Amino acid sequence: MLLLIPTILGLTIFMFILIDSVPKGILASPYINPHSSVPVKIQIQNALKILGLNYPPPIAYLFYLDRLVHGDLGLMSMPGYPNSVSAAILDALPNTIQLTIFASIVSIAIAIPLGTYIGARPNSVADQAGRIFTLTGYAIPAFWLALLLQLGLGKGTISGNPFGFFPISGSFTASLIPYPPPSWFVGGYTEPTHLVIFDSLIHGDFPLFVDSLEHIVLPTLTLTYVLLAGILRFIRAGMVDASNQEYVKTARSKGVPEKQVIKKHIRKNAMIPAVTVMGLLIAGLLGGVVLTETVFQYPGMGYLTTQGILYYQVWLVMGGALVFGLILVLTNLIVDVVYAMTDPRIRY
Amino acid sequence: MVTESTIGGKVLKSRNTKRRPRMEDFSHTFKLFVKNKIAFVGFAIVLIYFIITVLDYADPYWLGVANINTVASWAPHLTAAVPTPPTLARGWWYWFGETQFQAPIFPVMLAALKTDITYSLIVVLTGLVIGIVLGTLSGYFGKLYDELLMRITDIFFSVPTLVMAIAVTTVLGYSLQNVMIALIIIWWPIYARLTRGVSLSIKSNKYIEASTAAGSSGLRNVFVHVLPNVLSVVFVQFSLDLGTVVQLLAALDFIGFNKANPLLPELGSMLTWGTTYLVGGIWWPIVVPGIFLLIFTVAVNLMGDGLRDVLDPKLRR
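Same order as they appear, the protein sequences are chains A and B.
Be aware that the first sequence starts at 17, since it is given in the working numbering, and climbs by one per residue.
Be aware that the second sequence starts at -16, since it is given in the working numbering, and climbs by one per residue.
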């Protein structure tokens, strides 16, 4: 737990080094008001003074850290987004979390029964099919998979495609929002959770609910495929490993039904290695989220960050990277706790 | 002088055969690798990709144009017209149809392999050298240096690779060269971690103790005894990473980091060109380059898995 602190501090130092190597004028540019009567040069000087960037780097870093502690990730200027990076990230974060959680639930729900089935029958036809599946899932570029799904299942891409009924961009259809928009629709996001699926239910807008569900299908499928391949591979390996153990032989020879052996003796032990690599899988998932959201223009943090690249918003990109890092560090902590819970041999 | 000795009935020659055991070991490894058919197919595909890359360098004109570093060579007018579908009627250039600018996909894709494979090789090899040197020394000498290095690698592992690459490239500037530099910056920690672990376990072996007792210095131990043992582990990681880096490079290019030279043939750029026509239902500019990318990464993974089986002393023999 305490080991996280040096990692997070180190991460902020690295981010600061990156920010500090950008030309000062670019860092100050979102702080400048072009309509002000104050000359731009003086505005830049003032902005640098506020940011502490005119001090030597160690002191400037303390300024940066102070702003981070107060939740200030800097400013940005992009059409259609708030000026504060923190506000923009907070607006977009729920969508990213929703997407990752949906993908995780779907892939775990598929992976555990499928992994059990495959792992109990090593080198069978099902196992070979599973191997091809995991191999392609491992090797397929997430953004290309997203594009393929847009082509194969997307509405309005290939004409006359019988499977093309899923919308390919955004998190809902804008024309479903009446004009003037309802009071719970603020700044392009729905209140209170920013998740259109839940907010439309809360406010009883059923067509919007169905529409938003249709919008999340393709991004979830993309992420599920990427994640499922990883989980399946490790569950299978764990199953094969565990079924060679002595206690499995003992259980079989004393007459425990095969179903019980697989469920209680093999699968339970097979889950342990799968949980240890969870951290790695989540890192891959977060990378996949960035690409998936970009291709589907799903208004989450990944899409926000790549928009920041197009508009060259340094504070936004760095803030996004930092938040992604924090999410990963925290999920790794949770994974460790879950690991300790699944494996009674480990006690911290 | 003893030139021959007999152990268990087998004659071992010691003169002029200092490298013999290692060469024999290598040929044995290679035989095992060839026996693993799937891995060998992967290796063959990777080899074909490399040959195409070498051809791109050796004789750029084999793709039919003088300059293969810009799409403009194949499609001089860079017209925005709708690309034509795959056809066999117009010669091998047009087998896979056209992409944006009415450029033929096939030769552009073959030219793109030069960019992708060269850059990924540079990234992985540079990362590997830096990582091995830092990791092996850190594992062997340990203490404060080890602690410091591990904390630094922690930073790189605390952010998803793609996001880290985005952050570093944004700072360096938008071009493919800078994407490459950014990937090098974030790639060495993987090898540093890996080699550190291996060299830590090798360090406790008796033969290291013996060579120290015989007067060998720490650095000599590292280079003569630890490094050769680290290499086989690193080699597997290297072959697997090649696929990951090609993917990452294409992804970063796709996101929009190749602003400096948008006409450069590169698989990520080709997919970006393809997305222009996504809504029109024109599938070949997206599907074809992606399949070539997928074949490469699958082949690399097959090869890497095979190598792991062959090089792992627990699984071989």
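We put the CB at the ideal spot given by N, CA and C, even for glycine.
Just so we're clear, the structure is a prediction, and the values are computed from it rather than from any experiment.
Determine the chain A residues that contact N284(B) at a beta-carbon separation under 7 Å, and present them in chain order.
L151, Y154 and A155
Name the DSSP beta bridge partners of V202(A), please?
Y205(A)
List the residues of chain B that S123(A) touches, going by C-beta distances under 7 Å, in chain order.
In chain order: nothing, as chain B lies at least about 17 Å away.
Classify P235(A) as buried or exposed, calling it buried when 16 or more other Cβ atoms lie within 10 Å of its own Cβ.
buried
Using the beta-carbon of each residue, which ones in chain B are nearer than 7 Å to Q166(A)?
L261
My output table needs one value for I29(A): the three-state DSSP class, helix, strand or coil.
In the three-state reduction of the DSSP assignment, I29(A) falls in the helix class.
Starting from H231(A), follow the alpha helix (DSSP H) in both directions and report where the run begins and ends.
F222 to S259
Is the beta carbon of Y133(A) closer than 8 Å to that of A142(A)?
yes
Using a Cβ-Cβ distance cut-off of 8 Å, determine whether V375(A) contacts chain B.
Chain A is shown from 17 up to 364; residue 375(A) falls before or after that span and cannot be answered.
For the ligand FMN, is there a heavy atom less than 7 Å away from the beta-carbon of G125(B)?
In the structure shown, the ligand FMN is absent, as is every other ligand, since no ligand is present at all.
Using 8 Å as the Cβ pair cut-off and three pairs as the minimum, do the region 294 to 305 of chain A and the region 107 to 123 of chain A touch?
yes
M334(A) beta carbon less than 8 Å from that of R234(B)
Sequence check: residue 234(B) is Ala here, not Arg. Going by C-beta atoms, A234(B) is not nearer than 8 Å to M334(A).
Nearest to G172(A) by CA position, among L164(A), L163(A), I184(A) and I121(A), is which residue?
I184(A)
Consider the Cβ of M133(B): report whether some Cβ of chain A lies at a distance smaller than 8 Å.
no
Restricting to Cα atoms, I'd like to know which of P172(B), V146(B), G118(B) and Q220(B) is closest to K186(B).
G118(B)
Does the count of Cβ pairs from the region 267 to 286 of chain B and the region 67 to 81 of chain B closer than 8 Å reach three?
Between the region 267 to 286 of chain B and the region 67 to 81 of chain B, the count of C-beta pairs closer than 8 Å reaches three or more; the two stretches touch.
With a threshold of 8 Å between beta-carbons, can M163(B) be considered close to chain A, or not?
At least 8 Å separates the CB of M163(B) from every CB of chain A.
For a quick check, are the C-beta atoms of F16(B) and V293(B) less than 8 Å apart?
yes
Taking all protein chains shown into account, do 16 or more other C-beta atoms lie within 10 angstroms of the C-beta of V(-15)(B), making it buried, or fewer, making it exposed?
Caution applies to V(-15)(B), whose pLDDT of 45 falls short of 50 and renders its modelled position unreliable; the model cannot decide the point.
Got a sec: is the Cβ-Cβ distance from G315(B) to anything in chain A below 8 Å?
Coverage of chain B is limited to positions -16 through 300, which leaves residue 315(B) absent and any answer about it impossible.
Determine the DSSP secondary structure at E377(A), reduced to helix, strand or coil.
Since the first residue of chain A shown is 17 and the last is 364, residue 377(A) is not available in this structure.
If distances are taken between C-alpha atoms only, which option among P208(A), G220(A), K65(A) and A76(A) comes closest to I35(A)?
When each option's Cα is compared against that of I35(A), the closest is A76(A).
Collapsed DSSP secondary structure at P187(B) in the structure displayed
Reading off the sequence, residue 187(B) comes out as Ser, not Pro. Coil.
Put E130(B) into one of helix, strand or coil per three-state DSSP.
helix
Would you mind giving the Cβ-Cβ distance between A337(A) and V154(B), rounded to the nearest angstrom? I have them listed as a contact below 8 Å.
About 10 Å; that fails the 8 Å criterion.
So, is V202(A) buried or exposed, given that buried needs 16 or more other C-beta atoms within 10 angstroms?
exposed
With contact counted as at least three CB pairs below 8 Å, one residue from each stretch, are the region 313 to 320 of chain A and the region 242 to 256 of chain A in contact?
no
By Cβ distance, which residues of its chain are closer than 8 Å to F124(B), with the 5 residues on each side in sequence left out?
G201
Straight-line gap, K242(B) to A193(B) (C-alpha atoms, nearest Å):
57 Å
Consider the Cβ of V212(A): report whether some Cβ of chain B lies at a distance smaller than 8 Å.
So, not an interface residue.
Any chain A beta carbon closer than 8 Å to V(-15)(B)
Note on V(-15)(B): pLDDT 45, under 50, position unreliable in the model; the coordinate value appears next. Output row for V(-15)(B): interface = no.
From the DSSP secondary-structure annotation, give me the bridge partner or partners of L91(A).
S100(A)
In angstroms, rounded to a whole number, what distance separates the CA positions of T255(B) and S102(A)?
Taken atom to atom, the span from the alpha-carbon of T255(B) to that of S102(A) is near 30 Å.
Taking the alpha helix (DSSP H) that W267(B) falls in, what are its first and last residues?
Start and end: W267 to L294.
With a 10 Å radius around its C-beta and 16 neighbouring C-beta atoms as the bar for buried, classify M357(A) as buried or exposed.
exposed
Do you know offhand how far T101(B)'s Cα is from Q144(A)'s?
33 Å
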